[in-house]
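Using the working numbering, you'd call the opening residue of the first sequence number 3 and step up by one each time.
Glycine included, every Cβ here is placed at the ideal spot set by N, Cα and C.
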Amino acid sequence: MSQTQVRVRFAPSPTGYLHVGGARTALFNWLFARNQQGVFVLRIEDTDQERSTEASVGAILRGLSWLGLDWDEGPGKDGPWGPYFQSERRPLYRETLAQLRAAGHVYRCFCTDADLQRREQTARDAGRGWDGYDGHCRDLTAAQVAAYETDGRPAAWRLRTPADGVTFWYDIVVGKREFQNAVLTDRVLMKADGFPTYNFAAVVDDHAMGITHVLRGDDHVSNTPLQLLIYAALGWPPPKFGHMPMILGPDRKRLSKRHGAVAVEEFQAQGIVPQAMVNYLALLGWSIGAGGDEVLSVDALIKRFSLKKVNSSPAAFDYDKLEHINSQHLKRMGPAERRTLALPLLAERGWVYDPAWMVPGAADQAGYVDRLLALLGGRFSSLRLLPEQLGFFFVEDFPRDEAAWQEHVATATNRAHLAALGAALAQGLPAAEPAVAAAYEAVVRDLAAGLGVPAGDLIHPARVALSGQVRSAGIFEVMEALGGPRVIARLQRAAGA
RNA sequence: GUCCCCUUCGUCUAGUGGUCAGGACACCGCCCUUUCACGGCGGCGACACGGGUUCGAACCCCGUAGGGGACGCCA
């Protein structure tokens, strides 16, 4: 009862789309919050005036929403700790900076970009290293400062970093991490344009928003000692830190566009369903432990998630495994869920059910689609294949596997068989009512017996003639779902074409 | 160049001193199916290397190699 509530945050900068790395970070924060009955905060870090865009904010929000990562506080969900855009929190950064000034922890730096570059060059030419800043303005006299101010030179504020000692923390993921203060330079906290830098704003906001755990990418490790120093200068207790391993491409280089899809919205466009994306991302750098199915619902993930099981080594993104997880989710879906996914894809193409097809039991589009999806069974494993799997049930100009057509349809014998089958069905099926699979099967087998050929000699040509493909669901079920009139017409057309 | 981290099958991983080093993806084979998937069964395949410590090391220590990350008035 006395323990404080977990508050975590995802803090993207709106400079692009939501990529898988960000999505994974967001997901781990979200899973931890939901597992701990904590609060998940979304904070937009738009302190870079040049690069931040509103379009990017939209893309990030859309990506998170698609994944189902709902935030308790953030854009569109004001809470007591808002606003949640850093650009709207500037007074707070100024006040906090004033505290630091009063305590002598920061100093004004009048160096321009050009100054710094010139001194870096000089240092390097002389064989001395350059670690980012040389402390040029650290000990300016009051007179020098006054002179610069009179000139109206813009100034940034830098943190006065201790020259010795160590800064360390116990990282949730890797354990103790330690940096020599000597390798840390006096970093800018407040830019000359009056905006805070990332490290300063993050500390101020994490503290102000009561964040208890900072879970972020491993690329932030080297920011942590600096942030810890800021907490110390302010006299604030730091949160706990956990750094998630990076996500690499299949070649173990940092995952990038050249490896394939990286934006969450691209995966959506490729037919990945959100629960599969979430499932796969959760498996990257985290595992549920020994045994147990890796295919997990979001609820199961929430229940099982633990920071203790987060890995410390970078993981390569495996598109094949994502596809597999996706197909598993698809296959395990109930009829209603399947229909919800399929209907829009059909509507897009104008594929609608027609009662004249005489399909038993199909009353309308939804009913027909349900029947087709059930027929697909385990073949319902990719949204991308769906149009191809369903097209021939709706239109006559369905795609046709030419090689298969040549082999199974376009020979004299096969054409003769198809013609005979068409005729047999026209005669053998009840004319006025929908026929079921068994009725088609009976006709096919009788005809094969009469002709003295194996049933397969009729089945294979029929499959290609009806669907254009060499693979499909059971042929008699396909016939049933196509309806007598269309089956007969297609067979006859194939026989004559 | 400086600093930090990581290292179990090709990939994701289980494993915390005694295991035939387990599972999943991918790949291969068989079964099921007069098709194709699904499914079932089986196979291939790893403790980066070298030293220690220990009766015993994937697990502990040191070193080497490889990989990743960070070195901005970007976040």
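> Hey, how far is the Cα of S315 from the Cα of I249?
Replying inline: If you number the first sequence from 1, residue 315 lands on position 313. If you number the first sequence from 1, residue 249 lands on position 247. Per the coordinates, the alpha-carbon of S315 lies some 9 Å from the alpha-carbon of I249.
> In chain order, which beta strand (DSSP E) runs of at least 3 residues are fully inside the segment 191-253?
Replying inline: 215-219, 242-246
> Within this structure, are the beta carbons of R402 and G454 separated by less than 8 Å?
Replying inline: Residue 402 sits at position 400 when you count from the first residue of the first sequence. Residue 454 sits at position 452 when you count from the first residue of the first sequence. Going by C-beta atoms, R402 is not nearer than 8 Å to G454.
>> Based on DSSP bridge pairs, tell me the residues matched to Y109.
In response: Translated into positions along the first sequence, residue 109 becomes position 107. R160.
> Under the rule that 16 or more other beta-carbon atoms within 10 Å means buried, what is Y95, buried or exposed?
Replying inline: For this step, residue 95 is matched to residue 93 along the first sequence. Counting Cβ neighbours within 10 Å, Y95 comes out buried, since at least 16 surround it.
>> According to DSSP, is Q408 part of a helix, a strand, or is it coil?
In response: By 1-based counting over the first sequence, the position of residue 408 is 406. Note: Q408 maps to helix in three-state DSSP.
> With which residues is A317 paired in a DSSP beta bridge?
Replying inline: Numbered from its first residue, the first sequence carries residue 317 at position 315. Paired residues: I249.
>> I'd like the list of long-range same chain contacts for R254, defined as Cβ closer than 7 Å, with 5 residues on each side in sequence excluded.
In response: Here the question's residue 254 lines up with position 252 in the first sequence. Excluding sequence neighbours, R254 sits near A318.
> Which residue from G485, P456, H462 puts its Cα closest to that of E435?
Replying inline: Taking the first sequence and counting its residues from 1, one reaches residue 435 at position 433. The shortest Cα separation from E435 among G485, P456, H462 belongs to G485.
>> Taking only three categories from DSSP, how would you classify K255?
In response: Translated into positions along the first sequence, residue 255 becomes position 253. Correct three-state label for K255: coil.
> For V445, which option in H462, L427, A457 has the closest C-alpha, if you only look at C-alpha atoms?
Replying inline: The residue labelled residue 445 in the question sits at position 443 within the first sequence. When only C-alpha atoms are compared, the closest one is L427.
> Could you check where the alpha helix (DSSP H) with V446 kicks off and where it finishes?
Replying inline: Walking along the first sequence from the start, residue 446 turns up at place 444. For V446, the enclosing alpha helix (DSSP H) starts and ends at 439-453.
> By Cβ distance, which residues of its chain are closer than 8 Å to V297, with the 5 residues on each side in sequence left out?
Replying inline: Within the first sequence, numbered from 1, the residue matching residue 297 stands at position 295. Excluding residues within five positions, the ones whose Cβ falls inside 8 Å are N281, I327, Q330, H331, R334.
>> Please state the DSSP three-state secondary structure of T49.
In response: Here the question's residue 49 lines up with position 47 in the first sequence. Correct three-state label for T49: coil.
>> Please list the terminal residues of the continuous alpha helix (DSSP H) segment that includes F30.
In response: Numbered from 1 along the first sequence, position 28 holds the residue referred to as residue 30. Start and end: 22-37.
> Is there contact between the segment 223-237 and the segment 121-140, where contact requires at least three CB pairs shorter than 8 Å?
Replying inline: With a cut-off of 8 Å on Cβ pairs, the segment 223-237 is not in contact with the segment 121-140, counting fewer than three such pairs.
> Would you call Y172 buried or exposed, if buried means 16 or more other Cβ atoms sit within 10 Å of its Cβ?
Replying inline: For the purposes of this step, residue 172 is identified with residue 170 of the first sequence, where counting begins at 1. Counting Cβ neighbours within 10 Å, Y172 comes out exposed, since fewer than 16 surround it.
>> So, for P487: in the same chain, excluding its five sequence neighbours on each side, which residues have a beta-carbon less than 8 Å away from its beta-carbon?
In response: Taking the first sequence and counting its residues from 1, one reaches residue 487 at position 485. Excluding positions up to five away in sequence, the list reads A358, W359, M360.
>> Need the endpoints of the beta strand (DSSP E) that F170 sits in, please.
In response: Counting from one through the first sequence, the residue named residue 170 turns up at place 168. Element bounds for F170: 168-173.
> What residues match up with F269 in a beta bridge as DSSP calls it?
Replying inline: Here the question's residue 269 lines up with position 267 in the first sequence. Beta-bridge pairing links F269 to no other residue.
>> Extract the residue ranges of the alpha helix (DSSP H) inside the segment 353-418, only unbroken runs of 4 or more that lie entirely within it.
In response: 367-378, 388-392, 404-410
> First and last residue of the beta strand (DSSP E) that includes E180?
Replying inline: Working through the first sequence from its first residue, we reach residue 180 at position 178. Per DSSP, E180 belongs to the beta strand (DSSP E) from 177-182.
> Which of helix, strand or coil does DSSP assign to G81?
Replying inline: Along the first sequence, one-based indexing puts residue 81 at 79. It is coil, neither helix nor strand.
>> By the three-class DSSP mapping on this structure, what secondary structure does L66 have?
In response: The count along the first sequence starts at 1 and reaches residue 66 at position 64. Three-state DSSP puts L66 in a helix.
> Helix, strand or coil for P76 per DSSP?
Replying inline: Mapped onto the first sequence, residue 76 falls at position 74. Rather than Pro, the amino acid found at residue 76 in this sequence is Gly. G76 falls in the strand class under three-state DSSP.
> Quick one: Cα of A440 to Cα of D295, how far?
Replying inline: The residue given as residue 440 occupies position 438 in the first sequence. The residue given as residue 295 occupies position 293 in the first sequence. Answer to the nearest angstrom: the Cα atoms are 38 Å apart.
>> Counting C-beta neighbours from all protein chains within 10 Å, is the total for D207 16 or more, i.e. buried, or is it exposed?
In response: Start at 1 with the first residue of the first sequence, and residue 207 comes out as number 205. Buried.
>> In this structure, how does DSSP classify R473 when only helix, strand and coil are distinguished?
In response: Position 471 of the first sequence, counted from the first residue, corresponds to residue 473. Assignment of R473 by DSSP, reduced to helix, strand and coil, places it in the coil class.
> Count the other CB atoms within 10 Å of the CB of A57; is the residue buried (16 or more) or exposed (fewer)?
Replying inline: Your numbering for residue 57 matches position 55 in the first sequence. Exposed, because fewer than 16 other Cβ atoms sit within 10 Å of the Cβ of A57.
> By Cβ distance below 7 Å, which residues in the same chain neighbour P241 in space, the five residues on each side in sequence not counted?
Replying inline: Translated into positions along the first sequence, residue 241 becomes position 239. So the list reads D208, I213, T214, H215, V216, once near-sequence residues are dropped.
> Hey, V312 and A25 are a contact pair by Cβ (cut 8 Å); roughly how many whole angstroms apart?
Replying inline: For the purposes of this step, residue 312 is taken as the residue at position 310 of the first sequence. For the purposes of this step, residue 25 is taken as the residue at position 23 of the first sequence. Not a contact, Cβ separation roughly 16 Å.
> What are the residues that DSSP puts in a beta bridge with W288?
Replying inline: The count along the first sequence starts at 1 and reaches residue 288 at position 286. DSSP lists V312 as partners of W288.
>> Run through the DSSP bridge pairs and tell me what V280 is partnered with.
In response: The residue you call residue 280 lines up with position 278 of the first sequence. Answer is none; V280 lacks a bridge partner.
> Can you list, in chain order, the residues of its chain whose CB lies under 8 Å from that of T27, leaving out five sequence neighbours each side?
Replying inline: As a working note, residue 27 is residue 25 in the first sequence. Answer for T27: F12, L217, R218, G219, M246, listed in chain order.
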